[in-house]
Amino acid sequence: MFRVQEGQVIHASVSAPPPAAKDRLYLVNVSGFDQFRGLYDVLSNMGFYSLNPEAIRDLQTPDPGELLNRDGSNIASVFGRLSAQHPDIEQRIEEYLSKVVAGVSSVRHKTVGPKETLEFRQNVRGDENPWRFLASSMSDGTLRAFAVLVALFQGTGQDSRPVRLVGIEEPEIALHPAAAGVLIDSIQDAAAQTQVIVTSHSPDLLDDEDLSEESILAVISESGETKIGPLDESGRQALRQHLYTAGELLRMDQLRPDPTAVSLSTEQLALFGPRGSEA
Numbered sequence: 005m006f007r008v009q010e011g012q013v014i015h016a017s018v019s020a021p022p023p024a025a026k027d028r029l030y031l032v033n034v035s036g037f038d039q040f041r042g043l044y045d046v047l048s049n050m051g052f053y054s055l056n057p058e059a060i061r062d063l064q065t066p067d068p069g070e071l072l073n074r075d076g077s078n079i080a081s082v083f084g085r086l087s088a089q090h091p092d093i094e095q096r097i098e099e100y101l102s103k104v105v106a107g108v109s110s111v112r113h114k115t116v117g118p119k120e121t122l123e124f125r126q127n128v129r130g131d132e133n134p135w136r137f138l139a140s141s142m143s144d145g146t147l148r149a150f151a152v153l154v155a156l157f158q159g160t161g162q163d164s165r166p167v168r169l170v171g172i173e174e175p176e177i178a179l180h181p182a183a184a185g186v187l188i189d190s191i192q193d194a195a196a197q198t199q200v201i202v203t204s205h206s207p208d209l210l211d212d213e214d215l216s217e218e219s220i221l222a223v224i225s226e227s228g229e230t231k232i233g234p235l236d237e238s239g240r241q242a243l244r245q246h247l248y249t250a251g252e253l254l255r256m257d258q259l260r261p262d263p264t265a266v267s268l269s270t271e272q273l274a275l276f277g278p279r280g281s282e283a
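The opening residue of the sequence shown carries number 5 in our numbering; numbering runs sequentially from there.
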């Protein structure tokens, strides 16, 4: 355990703790100690995504490809690593993509001088061989769908660096509503090995009778406050009795958090207050 206040180490459970700084997270400094290494590894192996088709479309500078960047700007390196080390994961991503984007049969990592990109292969009627398109020629929807799949499965291969949590902002953007079912299937598939959090305003994405009440948190904004929590009792009952899907409740503005579960205590509000940081 440690406590840091105003850039000074007030207390530490390890001898000779490293110095602190006001503008740096102290957990990074103490991550070399066994007591804190596990926490550091868990937090640093999380990916949160607001995927940008333009960043995915551009030629990219190679990197180790261990963790997908927030905007997808190193996706060629990440997919190249998956292709080389985990062809089964590569195949799973391609199978899901082929169901979202008709005709796309495969994706390949491609080197272009000192840069790298992706090459999409698409079956076209009348041609024996697939047509080949670089990422720069693909639609926003195709690139976003592919990036969502890479984000979901990037750490699920055996011996991969585990990605403990994947958070994706509105994965359904630029996708045809009919693809929502495939997207939900891929999320549930990946969630068997990686915790997945998705934010969405799409009723189509939530129109799945198999979505349980435990897997959904509702969000509302009241008087400038954002409140998030498990569904209220009426929403839970509607899902349990299969009266409505979560998507239908959202369309009716009835997907709301339980008011008894969203109030914050004074202690929670003060967690990052003037007393400093603790771990």
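Each residue gets a CB set at the ideal place from its N, CA and C atoms; glycine is no exception.
Residue-level contact to chain D via CB, A155, 9 Å cutoff:
The chain labelled as chain D is not found in the depicted structure, where only one protein chain is given.
Alpha helix (DSSP H) containing R260: first to last residue?
Boundaries cannot be given for R260, as no alpha helix (DSSP H) includes it and DSSP labels it neither H nor E.
Please name the residue or residues paired with R125 in a DSSP beta bridge.
Beta-bridge annotation (DSSP): R125 is paired with S110 and R136.
Between which two residues does the beta strand (DSSP E) harbouring F6 extend?
For F6, the enclosing beta strand (DSSP E) begins and ends at F6 to Q9.
For L122, does the count of other Cβ atoms within 10 angstroms reach 16, so buried, or fall short, so exposed?
Around the Cβ of L122, a 10 Å sphere holds 16 or more other Cβ atoms; the residue is buried.
Using DSSP with H/G/I as helix, E/B as strand and the rest coil, what is S190?
Looking at S190 - three-state DSSP - the assignment turns out to be helix.
Is the separation between the beta-carbon of I60 and that of G84 shorter than 9 Å?
Against a cut-off of 9 Å, the Cβ pair of G84 and I60 comes out as no contact.
Any idea if R136 is buried or exposed, counting beta-carbon neighbours within 10 angstroms, 16 or more meaning buried?
Exposed: under 16 other Cβ atoms inside 10 Å.
Go through its chain and collect everything with a Cβ distance to T173's Cβ below 7 Å, but skip five positions before and after it.
Before going on, a small fix: residue 173 reads as Glu here, not Thr. Hits under 7 Å: Y53, S54 and T203.
Rounded to a whole number of angstroms, what is the C-alpha to C-alpha distance between R192 and G185?
In the sequence as presented, Arg is not what sits at residue 192; that position holds Gln. Across the structure, Q192 and G185 are spaced so that their CA atoms are roughly 11 Å apart.
Would you kindly check if the distance between the Cβ of L187 and the Cβ of V152 is under 9 Å?
In contact: V152 and L187 (Cβ atoms closer than 9 Å).
With DSSP collapsed to three states, give me the class of F83.
Helix at F83.
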